[in-house]
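What follows is a single structure, written as structure tokens, with notes after it.
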Amino acid sequence: ATFRLAQDFGGGALLDLILEETHTCYLGDRTHRHDWGYGCGTCPACELRAQGYRKFRGNV
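So in my numbering, the last one in the sequence shown is 122, and the numbering has no gaps at all.
Okay, here's the thing in structure tokens:
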């Protein structure tokens with residue numbers, strides 16, 4: 063819902079801002095960049111964010 067809201071409210075610029083400047087990783091990992099943003103990619107928060115981004119992009 064967050065990715066869709068960002069897209070609908072602010073277009074690509076806001077979506078890019080969300081992807082580049084926020085993270086939900088429990089480990090605080092800002093070194094690994096994924097399509098869905100920064101994070102370790104394995105903690106529950108990263109898995110949930112990745113799942114939400116795939117759903118947003120229609121890749122579920």
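All C-beta atoms, glycine included, are put in the ideal place defined by N, C-alpha and C.
ask   = Exposed or buried, what is Tyr88 when buried is set at 16 or more other beta-carbons lying within 10 Å of its beta-carbon?
value = Residue numbering aside, residue 88 sits at position 26 when the sequence shown is read from its first letter. Exposed, since its Cβ has fewer than 16 Cβ neighbours within 10 Å.
message = On a Cα-Cα basis, can you pick out the residue from Leu67, Tyr115, Thr84 that is closest to Tyr100?
response = Numbered from 1 along the sequence shown, position 38 holds the residue referred to as residue 100. Answer by Cα proximity: Thr84.
Cut-off 8 angstroms between Cβ atoms - residues of its own chain near Leu76, not counting five sequence neighbours on either side = The residue labelled residue 76 in the question sits at position 14 within the sequence shown. So the qualifying residues of the chain are Ala68, Gln69.
query = DSSP state of Tyr100, grouped into three classes?
reply = Locating residue 100 in the sequence shown gives position 38, counting from the first residue. It is a strand residue.
task = Report the option in Thr86, Leu79, Gly72 whose CA atom is closest to the CA atom of Gln113.
result = Taking the first residue of the sequence shown as position 1, residue 113 is located at position 51. The option with the nearest alpha carbon to Gln113 is Thr86.
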